[in-house]
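In my numbering, the protein residues as written are 1245 to 1653.
These notes concern the structure reproduced below.
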Ligand code: SF4
């Protein structure tokens, strides 16, 4: 293995650790850091991934590491990792004092724009790095009011915490079309539409209207969109998503073990035909969209590694891009305060997932097109193996750097 590749894999381990352990900091280091100006800020349209909420404090969504990997920004006041500032430069300081230079993502230009009805585009579509945008049409889930919401999910709590402060609301097809057109005009090339359950499950009509609006506003027939939906009662409506122009479909099964599914996803179990029906919906979708054009997420760490990998193997063999991104126990969810497995657990699942993908021939393009965020460890292994990362930043070439500010214990 080349020394560059070795360094990239070390950075992958760092990313897994930092994402899970989080980072703490003195909020004053963000004074004049221009988060929300030059740098992209977090917009809470669906979930909160920080361990500690931070209303009124603008934080970046990611840390960009020296070799180009992007780590989720997870604010955790009890973390052993500190973010420090030295002049204009930021450093991630590890428990042992090692200081790693980090950067923040540049803010997309469309974050400054408004739709024709005056809605801030940043509240309509979030930029998830590498040309991927994500639209959560609603920032609430009707399962909450029935007590059947998924135990790991904090969509309603996130709305209650940030909804008013950040102005995130229900999105209309025209707003989405205009925002996607603006994002694509500056280089975005994939989108996902998702959201919580709406009463009466009228999502199909809405998704069709959204697709028409995107096509009208972008002028694209194939806009490289993923429709993320719940398993429909009538599987034949899956064809409609394909007909109207979505390239890929996502139906998230969340956990593989059927008993865990019943316990963790009571609404999906009781109102949508149970786990067998979700699997049937995925199989049907492959028949419509094709192999490598249907994705299913499992929350990484809710069940044993063996069960997770069994699920990934079984679904992958059927042509479904099954993926298990690391679980971040969400504040406000029923599982708040729980812990995700060790970083090495997630790295091992990612490595084994890539091996399963290689067996069935899933390509980078298929993985990129089917996922809502191209930031998983699986994506990164593909990037490293296929030489898709940018040249490392210069600071890395000089080795470890220590910030001028004192590193507090
Ligand atoms: S269906 Fe489950 S995961 Fe999806 S928004 Fe509702 S509670 Fe959350």
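All C-beta atoms, glycine included, are put in the ideal place defined by N, C-alpha and C.
Decide if residue 1414 is buried, meaning its Cβ has at least 16 other Cβ atoms within 10 Å, or exposed.
-> As a first step, residue 1414 is located in the chain shown; it is residue number 170 there, counting from the start. Classification for residue 1414: exposed.
From the DSSP output, in three-state form, read off residue 1350 for me.
-> Reading the chain shown from its first residue, position 106 is the one you call residue 1350. DSSP, read as helix, strand or coil, puts residue 1350 in strand.
What separation, rounded to the nearest whole angstrom, lies between the Cα atoms of residue 1518 and residue 1550?
-> Position 274 of the chain shown holds residue 1518. Position 306 of the chain shown holds residue 1550. Straight-line spacing of the CA atoms in residue 1518 and residue 1550 works out to 22 Å.
Where does residue 1345 fall in DSSP's three states?
-> Sequence index remark: in the chain shown, residue 1345 carries index 101 (1-based). Strand, per DSSP.
Kindly indicate which residue of 1293, 1245 and 1278 has the alpha-carbon position closest to the one of residue 1581.
-> For the purposes of this step, residue 1581 is taken as residue 337 along the chain shown, with counting starting at 1. That would be 1293, whose Cα lies nearest to the Cα of residue 1581.
Roughly how many angstroms lie between the CA atoms of residue 1271 and residue 1412, to the nearest whole one?
-> Taking the first residue of the chain shown as 1, we reach residue 1271 at position 27. Taking the first residue of the chain shown as 1, we reach residue 1412 at position 168. Take the alpha-carbon of residue 1271 and the one of residue 1412: they are about 24 Å apart.
Contact between the region 1305 to 1320 and the region 1631 to 1638 (3+ Cβ pairs under 8 Å) = By the C-beta criterion, the region 1305 to 1320 is judged to be in contact with the region 1631 to 1638, since at least 3 inter-stretch pairs fall below 8 Å.
Could you tell me the distance, in whole angstroms, from the CA atom of residue 1263 to the CA atom of residue 1527?
-> Reading the chain shown from its first residue, position 19 is the one you call residue 1263. Reading the chain shown from its first residue, position 283 is the one you call residue 1527. Distance between the alpha carbons of residue 1263 and residue 1527 is about 33 Å.
Quick one: is residue 1429 buried, meaning 16 or more other Cβ sit within 10 Å of its Cβ, or exposed?
-> Against the chain shown, residue 1429 aligns to sequence position 185. Residue 1429 should be labelled exposed.
If you check the beta carbons only, do residue 1436 and residue 1619 fall under 9 Å apart?
-> Here the question's residue 1436 lines up with position 192 in the chain shown. Here the question's residue 1619 lines up with position 375 in the chain shown. Cβ atoms of residue 1436 and residue 1619: not closer than 9 Å.
Proximity of residue 1560 and residue 1601 at Cβ, strictly below 9 Å = Numbered from 1 along the chain shown, position 316 holds the residue referred to as residue 1560. Numbered from 1 along the chain shown, position 357 holds the residue referred to as residue 1601. Taking C-beta atoms as the reference points, residue 1560 and residue 1601 count as a pair closer than 9 Å.
For residue 1490, three-class secondary structure by DSSP = For this step, residue 1490 is matched to residue 246 along the chain shown. Residue 1490 falls in the coil class under three-state DSSP.
Within the chosen definition, does the region 1536 to 1554 reach the region 1490 to 1501 through at least 3 CB pairs nearer than 8 Å?
-> Three or more pairs of CB atoms, one per stretch, sit closer than 8 Å, so the region 1536 to 1554 contacts the region 1490 to 1501.
Would you call the region 1378 to 1386 and the region 1400 to 1410 in contact, with 3 or more CB pairs under 8 Å?
-> Yes, the region 1378 to 1386 touches the region 1400 to 1410.
From residue 1593 to residue 1364, what does the alpha carbon distance come to, in whole angstroms?
-> Here residue 1593 corresponds to residue number 349 of the chain shown, with the count starting at 1. Here residue 1364 corresponds to residue number 120 of the chain shown, with the count starting at 1. One Cα belongs to residue 1593, the other to residue 1364, and the distance between them is close to 38 Å.
Could you spell out the range, first to last residue, of the alpha helix (DSSP H) harbouring residue 1258?
-> Taking the first residue of the chain shown as 1, we reach residue 1258 at position 14. Residue 1258 -> alpha helix (DSSP H) spans 1247 to 1265.
Please look up how many angstroms separate the CB atoms of residue 1511 and residue 1392, rounded, as I've assumed it's under 8 Å.
-> Residue 1511 sits at position 267 when you count from the first residue of the chain shown. Residue 1392 sits at position 148 when you count from the first residue of the chain shown. About 3 Å separates the two Cβ atoms, so the contact holds.
Could you check the C-alpha separation between residue 1604 and residue 1349 for me, to the nearest Å?
-> Numbered from its first residue, the chain shown carries residue 1604 at position 360. Numbered from its first residue, the chain shown carries residue 1349 at position 105. Roughly 34 Å separates the two Cα atoms.
Three-way DSSP call (helix, strand, coil) for residue 1541 in this model = Indexing the chain shown from 1 puts residue 1541 at position 297. Under the three-state reduction of DSSP output, residue 1541 falls in the strand class.
Closer than 8 Å: residue 1378 CB and nearest the ligand SF4 heavy atom | In the chain shown, counting from the first residue as 1, residue 1378 sits at position 134. Not a single heavy atom of the ligand SF4 lies less than 8 Å from the C-beta of residue 1378.
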